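Worksheet: one structure, shown below.
In the working numbering, the protein residues as written are 24 to 415.
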């Protein structure tokens, strides 16, 4: 079997543009699908995927480890979000090919299941909320639908520092949501890599009274030593890792004791191959494995394969709802029951994309919302759940 080509597809998804990759083989009807969604750098990562094509043509797609290593080595400038996202997408697609070729789900190839379902926490549940009262109302609805935990960023447009009024508003929002879901769901506070050390320290201290599950990316994410310093000085648990790439960055994070939960993204950190390595590394430090997973349906499918097979997997991030055409651009079949997402049994990663439907939603430029005060404008007005409720 040989690789005969690569194709990229970009699909507008309101909050971002999904970037999908197909890797074709010389076996009729056998291809693999991956995802390289890189927020706000979609064309760059699509081009990087195509740069990998010339080195992959003619290779056996089943030799996944060799392809990963050579793609990483031959880039010369190792790491970084664009290259690693391209490698990630191709890696996911190669695992998809191998599973389909053997007629088994990828989790079977990763050592089999350790669980049939994984508890989920919700992102995007807060769409449109502006006041603490509106956040609380939407949080109660999300908890009622079964999510085990809720994550959001209450810090408006703050960067590095936070003004007194914004700080007070953020704490009121946390208090309102905490009260609304008490005894029903955990809460996690998203920092989006916004703050300098003294500001993160102040916020972390203020959050201690709410018994949150974690404070995510509280610091500008360039210096792991600062994360470790913060962790030693506050009582709230820290989550980190969505903007790290490869096992080497995570080794530094873990050895510095910089986090309580580790969050690699299957679309950025190196695909299924590398996330498996990172999961094992995290387990040696007794750190729960909670991949960052707010992107598209292919990334979600790949992350579910890892969730099935890794003992240290703890919580799955998922969007509470998504654009209505998510169900049209792929044959995703996700079952959600009592706050858990069930692991599919289809061959490969368990999903196919529809190129014709994707073409109906071409790329549209989307800017970063984090510092504009528009964080809750994350969904379209007609967004809806993309999963079915109840186990089939």
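Ideal Cβ positions, reconstructed from N, Cα and C, are used throughout, including at glycine.
Here the structure is a predicted model, which is why all the values come from computation and not from measurement.
Burial state of residue i (16 or more Cβ within 10 Å)
{"i": "residue 201", "result": "buried"}
{"i": "residue 384", "result": "buried"}
{"i": "residue 63", "result": "exposed"}
{"i": "residue 414", "result": "Only weak support is given to the placement of residue 414: the predicted model assigns it a pLDDT of 44, under 50, and the question is left unresolved by the model."}
{"i": "residue 135", "result": "exposed"}
{"i": "residue 51", "result": "exposed"}
{"i": "residue 411", "result": "exposed"}
{"i": "residue 368", "result": "exposed"}
{"i": "residue 401", "result": "buried"}
{"i": "residue 227", "result": "buried"}
{"i": "residue 328", "result": "buried"}
{"i": "residue 37", "result": "buried"}
{"i": "residue 268", "result": "buried"}
{"i": "residue 221", "result": "exposed"}
{"i": "residue 71", "result": "buried"}
{"i": "residue 345", "result": "buried"}
{"i": "residue 270", "result": "buried"}
{"i": "residue 307", "result": "exposed"}
{"i": "residue 291", "result": "buried"}
{"i": "residue 294", "result": "buried"}
Contacting residues, own chain, Cβ-Cβ under 6 Å from residue i (five flanking each side not counted)
{"i": "residue 133", "result": "332"}
{"i": "residue 79", "result": "26"}
{"i": "residue 81", "result": "25"}
{"i": "residue 287", "result": "264, 298, 301 and 314"}
{"i": "residue 74", "result": "none"}
{"i": "residue 179", "result": "189 and 396"}
{"i": "residue 392", "result": "398"}
{"i": "residue 157", "result": "none"}
Proximity winner among the options, relative to residue i (alpha-carbon distances)
{"i": "residue 207", "options": "159, 263, 394 and 357", "result": "159"}
{"i": "residue 199", "options": "227, 161 and 231", "result": "161"}
{"i": "residue 54", "options": "119, 295, 138 and 179", "result": "119"}
{"i": "residue 181", "options": "302, 256, 394 and 401", "result": "394"}
{"i": "residue 233", "options": "256, 310 and 203", "result": "203"}
{"i": "residue 399", "options": "265, 282, 213 and 382", "result": "213"}
{"i": "residue 167", "options": "209, 152, 391 and 293", "result": "209"}
{"i": "residue 231", "options": "37, 277, 256 and 97", "result": "256"}
{"i": "residue 244", "options": "225, 215 and 270", "result": "215"}
{"i": "residue 194", "options": "170, 229 and 165", "result": "229"}
{"i": "residue 187", "options": "165, 151, 153 and 225", "result": "225"}
Alpha carbon of residue i to alpha carbon of residue j, nearest angstrom
{"i": "residue 218", "j": "residue 258", "result": "18 Å"}
{"i": "residue 196", "j": "residue 242", "result": "20 Å"}
{"i": "residue 103", "j": "residue 289", "result": "14 Å"}
{"i": "residue 175", "j": "residue 49", "result": "45 Å"}
{"i": "residue 184", "j": "residue 261", "result": "19 Å"}
{"i": "residue 240", "j": "residue 190", "result": "17 Å"}
{"i": "residue 351", "j": "residue 378", "result": "10 Å"}
{"i": "residue 340", "j": "residue 147", "result": "10 Å"}
{"i": "residue 94", "j": "residue 275", "result": "23 Å"}
{"i": "residue 97", "j": "residue 57", "result": "21 Å"}
{"i": "residue 170", "j": "residue 99", "result": "43 Å"}
{"i": "residue 403", "j": "residue 35", "result": "11 Å"}
{"i": "residue 110", "j": "residue 92", "result": "10 Å"}
{"i": "residue 108", "j": "residue 165", "result": "31 Å"}
8 Å Cβ shell around residue i - same chain, five flanking residues per side excluded
{"i": "residue 76", "result": "28 and 29"}
{"i": "residue 122", "result": "128, 129, 131, 132, 370, 371 and 372"}
{"i": "residue 355", "result": "320, 323, 324, 349, 374 and 409"}
{"i": "residue 192", "result": "155, 177 and 179"}
{"i": "residue 90", "result": "79, 82, 84, 113, 114 and 117"}
{"i": "residue 285", "result": "262, 263, 264, 273, 276, 277, 301, 305, 310, 311, 312 and 313"}
{"i": "residue 124", "result": "24, 50, 53 and 85"}
{"i": "residue 283", "result": "237, 254, 260, 261, 262, 310 and 311"}
Rounded distance between the beta-carbons of residue j and residue i, thought under 8 Å
{"i": "residue 334", "j": "residue 406", "result": "With 8 Å as the limit, residue 334 and residue 406 do not qualify as a contact, their Cβ atoms being about 34 Å apart."}
{"i": "residue 32", "j": "residue 381", "result": "5 Å"}
{"i": "residue 68", "j": "residue 59", "result": "5 Å"}
{"i": "residue 365", "j": "residue 139", "result": "6 Å"}
Beta-carbon proximity list for residue i, same chain, < 7 Å, skipping 5 on both sides
{"i": "residue 172", "result": "144, 208, 209, 210, 211, 236 and 338"}
{"i": "residue 65", "result": "33, 40, 42 and 386"}
{"i": "residue 280", "result": "251 and 254"}
{"i": "residue 87", "result": "114, 117, 118, 121 and 296"}
{"i": "residue 101", "result": "95"}
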